[in-house]
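Please read the structure below before turning to the comments.
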Amino acid sequence: MDLKSLFFVLFIIVTVTAHKKSYKGYKVYNVIPNTKDKVNVLKDVESNGIGEFWMEPYNVNHAVKVMVAKEKQSIFLEQMEKTGIETVEVIKDLQNVIDNQQKPATTSRSNEAFHSMTWNEYHNLDEINAWLDELVENYPDIVTEVSMGVSVENRDIKGIKINYNPNNNYIGMLEGTLHAREWISPAVVTWIIKEFLTSNDPEIRALAENFEWHIFPVVNPDGYEYSFTDDRMWRKNRNTMYNTTCPGTTNDDMSNGVDLNRNFGFKWMTVGASDNPCTNTFAGPQAFSEIESRNIAQYVLNLQSQGEIIYYIAFHSFTQLIVIPYSHVDSAGLLEAENYGDMFEIGIRAAEKAKERFGTEYRVGASVDVLYPMSGTSFDWVKHEVGVPFTCLIELRDLGQYGFLLPQEQIIPNSLEIMDFMLEMDRVTKNLKYYNDASFINHSIFVISFAVYIARLL
Ligand SMILES: [Zn+2]
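Here it is in structure tokens:
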């Protein structure tokens, strides 16, 4: 190879690899602010570009995880020590954990595969979308391709409709991956699709068949793709319109995105959201400023005009929670949904069922009780605007040991317990009479007709 070609090859290698953000030397710390003042000091950590939160600091005595770059660690630790906030290092080298999460799957592919999809590793957007196409092709009578429209970078927000019975009036909707880095979300959602199409369990069959299901594994396709190609820890969408200089850092890329789960038009920007593009909870300049949140909302409104939405579930990670509307709190206190009691009962009983399988605990409650108050979220908007009987946001595994970097080996266990959750959710919702079970009616009609037939014979 001559010198010119060598330079060319080196140039290609550098340009191909340089744009992917390295987290080498980054650490994740656990901190617990025990006073309101300490909470406020923590909030400045992100806006000053010193660290990024894995969960927001809001409540006194609530643990918060903060990710800090190598060169910022001494200033971070110094500030924490000065304020009297104790820090515990939970991840020593973030890049190591990232690499581990993406190592090629070691277990055999055969027993977990369904067409081109597997659940022993994480899959990128193209793989997920190609799989959805295969399902449409292979189940033409049951599976239909659906779309919410496009993202800000013009990617299709693609989903599928599963409908076994054209007379179904009841609708269930699953929203995956509103936040890009929460990779367990599309993994669990695709598992549910597979179960709905292949399971022989009569209860899963009934859940699949009694509803027209609208399932979107990835509603933030730009962010999800970006979390594979450029920045594993990306959360928001990829709208570059609000780009600005972020203080204390050379990384202005942080401002290229809006937190879609703060952008919906219910109680927008009132609490637990930020007007600063350099934060992970930037709510956008106004409610529904983002094409993705507008498209989700429009899709839900269209659906509601075609039938009755019974379930709307948004899948996130992490911290193992079943979050029930509403998430907002103000001087008047917590805003409770009108059937909060029923939703709480559904959530509690379903979470108990989920725990039976592997002992995994999911706490249940309004966001202010189990997480932190927030506003402008999709599931609150759906509850308020459409009045869906059971709406929740599920924070999947784990409790923070790996956080967003949940190992591949946990995809299937997490999916299994969530399927248990959904079955119990449906049992309780049905018992509370939020919908009439068609198979039960058919069964009753059969029993009555049979009794009449016998009576005539006598
Ligand atoms: Zn999330």
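With positions in the sequence shown counted from 1, the corresponding number in the numbering used here is that position plus 2.
Heads up, the beta-carbon is just placed ideally off N, CA and C, and yes, glycines get one too.
Point to revise | Paired residues, beta bridge with residue 284 - DSSP | key: Along the sequence shown, one-based indexing puts residue 284 at 282. According to DSSP, residue 284 bridges with 276.
Exercise for review: Please state whether DSSP places residue 1 in a helix, a strand or coil.
Suggested key: The chain is shown from 3 up to 460; residue 1 falls before or after that span and cannot be answered.
Review point. Apart from the five residues just before and just after residue 118, which ones in its own chain have a Cβ nearer than 8 Å to its Cβ?
Key: What you label residue 118 is simply residue 116 of the sequence shown in a count that begins at 1. If we look at residue 118 and ignore the five residues flanking it on each side, its Cβ neighbours are 129, 132, 133, 136.
Practice item. Could you spell out the range, first to last residue, of the beta strand (DSSP E) harbouring residue 368? Key: In the sequence shown, counting from the first residue as 1, residue 368 sits at position 366. Residues 365-368.
Check your understanding: Among the residues of its own chain, which have a CB less than 6 Å from the CB of residue 126, if the five just before and after it don't count?
Key -> Here residue 126 is taken as the residue at index 124 of the sequence shown, counted from 1. Hits under 6 Å: 230.
Point to revise | residue 176 beta carbon near ligand 1 (any heavy atom closer than 7 Å) | key: Position 174 of the sequence shown, counted from the first residue, corresponds to residue 176. Not so, every heavy atom of ligand 1 lies at least 7 Å from the Cβ.
Review point. Taking the alpha-carbon positions, what's the residue 112 to residue 200 distance?
Key: Residue 112 sits at position 110 when you count from the first residue of the sequence shown. Residue 200 sits at position 198 when you count from the first residue of the sequence shown. Caution is warranted here: a pLDDT of 49 is assigned to residue 112, below 50, making its placement in the model unreliable, and the coordinate value is therefore given only provisionally. Looking at the two C-alpha atoms, the distance is approximately 15 Å.
Check your understanding: Does the beta-carbon of residue 360 have 16 or more other beta-carbons within 10 angstroms, so that it is buried, or is it exposed?
Key -> Mapped onto the sequence shown, residue 360 falls at position 358. Flag for residue 360 reads exposed.
Review point. CB of residue 373 to nearest heavy atom of ligand 1: below 7 Å?
Key: Mapped onto the sequence shown, residue 373 falls at position 371. It does not: the Cβ of residue 373 is nowhere closer than 7 Å to a heavy atom of ligand 1.
Practice item. Identify which residue in 236, 202, 250, 166 has its Cα closest to the Cα of residue 215. Key: To locate residue 215, count along the sequence shown from 1; it is residue 213. Looking at the Cα atoms, 166 is the closest of the given residues.
Check your understanding: Could you give the uninterrupted runs of the alpha helix (DSSP H) lying entirely in the segment 128-193, keeping only those of 4 residues or more?
Key -> none
Point to revise | Which residues DSSP lists as bridging residue 332, in chain order | key: In the sequence shown, residue 332 corresponds to position 330, counting from 1. Note: residue 332 sits in a beta bridge opposite 335.
Review point. Excluding five sequence neighbours on each side, which residues of the same chain lie with their C-beta closer than 8 Å to the C-beta of residue 401?
Key: On the sequence shown, position 399 is the one that residue 401 refers to. Counting only Cβ-Cβ distances below 8 Å, and skipping sequence neighbours, we find 320, 321, 322.
**Study point:** Unbroken stretches of the beta strand (DSSP E), 3 residues or longer, contained in the segment 205-257
**Key:** 214-218
Practice item. Please determine if the segment 370-378 and the segment 327-341 are in contact, where contact requires at least 3 C-beta pairs separated by less than 8 Å. Key: yes
**Study point:** Through-space distance from residue 245 to residue 315, alpha-carbon basis
**Key:** By 1-based counting over the sequence shown, the position of residue 315 is 313. By 1-based counting over the sequence shown, the position of residue 245 is 243. Taking the straight line joining both Cα atoms gives about 32 Å.
Review point. Could you name the residues, in chain order, whose CB is less than 7 Å away from a heavy atom belonging to ligand 1?
Key: 180, 181, 184, 263, 318, 319
**Study point:** Euclidean distance between Cα positions of residue 21 and residue 241
**Key:** In the sequence shown, the residue the question calls residue 21 occupies position 19. In the sequence shown, the residue the question calls residue 241 occupies position 239. Answer to the nearest angstrom: the Cα atoms are 18 Å apart.
Practice item. Could you spell out the range, first to last residue, of the alpha helix (DSSP H) harbouring residue 416? Key: Taking the sequence shown and counting its residues from 1, the one referred to as residue 416 is at position 414. Run containing residue 416: 413-433, per the alpha helix (DSSP H) assignment.
Exercise for review: Could you tell me which uninterrupted beta strand (DSSP E) segments, each at least 3 residues in length, are contained entirely in the segment 42-88, listed from first to last along the chain?
Suggested key: 66-70
Check your understanding: What are the uninterrupted segments assigned as alpha helix (DSSP H) that are 4 or more residues long and contained completely in the segment 281-325, given in chain order?
Key -> 293-308
Exercise for review: With DSSP collapsed to three states, give me the class of residue 397.
Suggested key: Working through the sequence shown from its first residue, we reach residue 397 at position 395. Three-state result, residue 397: strand.
Check your understanding: When DSSP builds the beta bridges, which residues end up paired with residue 91?
Key -> Against the sequence shown, residue 91 aligns to sequence position 89. Looking at the DSSP assignment, residue 91 forms a beta bridge with 31.
Check your understanding: How is residue 21 classed by DSSP in three states: helix, strand or coil?
Key -> As a first step, residue 21 must be located in the sequence shown, where it is residue number 19. Correct three-state label for residue 21: coil.
Practice item. Can you check DSSP and say which residues form a bridge with residue 381? Key: Reading the sequence shown from its first residue, position 379 is the one you call residue 381. The partner list for residue 381 (beta bridge, DSSP) is empty, contrary to what the question assumes.
Review point. Would the beta-carbon of residue 261 fall within 8 Å of that of residue 284?
Key: Walking along the sequence shown from the start, residue 261 turns up at place 259. Walking along the sequence shown from the start, residue 284 turns up at place 282. Yes, the Cβ-Cβ distance between residue 261 and residue 284 is below 8 Å.
**Study point:** Rounded straight-line distance, which links the Cα of residue 171 to that of residue 143
**Key:** The residue you call residue 143 lines up with position 141 of the sequence shown. The residue you call residue 171 lines up with position 169 of the sequence shown. So the two alpha carbons sit approximately 17 Å from each other.
Practice item. Using the Cα positions of residue 32 and residue 46, report the straight-line distance between them to the nearest angstrom. Key: Along the sequence shown, one-based indexing puts residue 32 at 30. Along the sequence shown, one-based indexing puts residue 46 at 44. Distance between the alpha carbons of residue 32 and residue 46 is about 16 Å.
Practice item. Give the DSSP-derived three-state secondary structure of residue 117 in the structure shown. Key: Here residue 117 refers to the residue found at position 115 of the sequence shown. Coil.
**Study point:** Three-state secondary structure (DSSP) of residue 392
**Key:** Position 390 of the sequence shown, counted from the first residue, corresponds to residue 392. Looking at residue 392 - three-state DSSP - the assignment turns out to be strand.
Point to revise | Inter-residue Cα distance where the pair is residue 190 and residue 91 | key: Within the sequence shown, the letter at position 188 stands for residue 190. Within the sequence shown, the letter at position 89 stands for residue 91. When rounded, the distance between both Cα atoms is 29 Å.
Practice item. For the alpha helix (DSSP H) containing residue 264, list its first residue and its last residue. Key: As a working mapping, residue 264 is identified with position 262 in the sequence shown. Premise fails: residue 264 is in no alpha helix (DSSP H) and is neither H nor E.
**Study point:** Helix, strand or coil at residue 38 [DSSP, three-state]
**Key:** Here residue 38 refers to the residue found at position 36 when the sequence shown is read from its first residue. It is helical.
Review point. Which same chain residues, not among the five before or five after residue 445, have their C-beta less than 8 Å away from its C-beta?
Key: Within the sequence shown, residue 445 is the residue found at index 443, counting from 1. At residue 445, the pLDDT of 49 sits below 50, so the modelled position is not reliable and the matter cannot be decided from this model.
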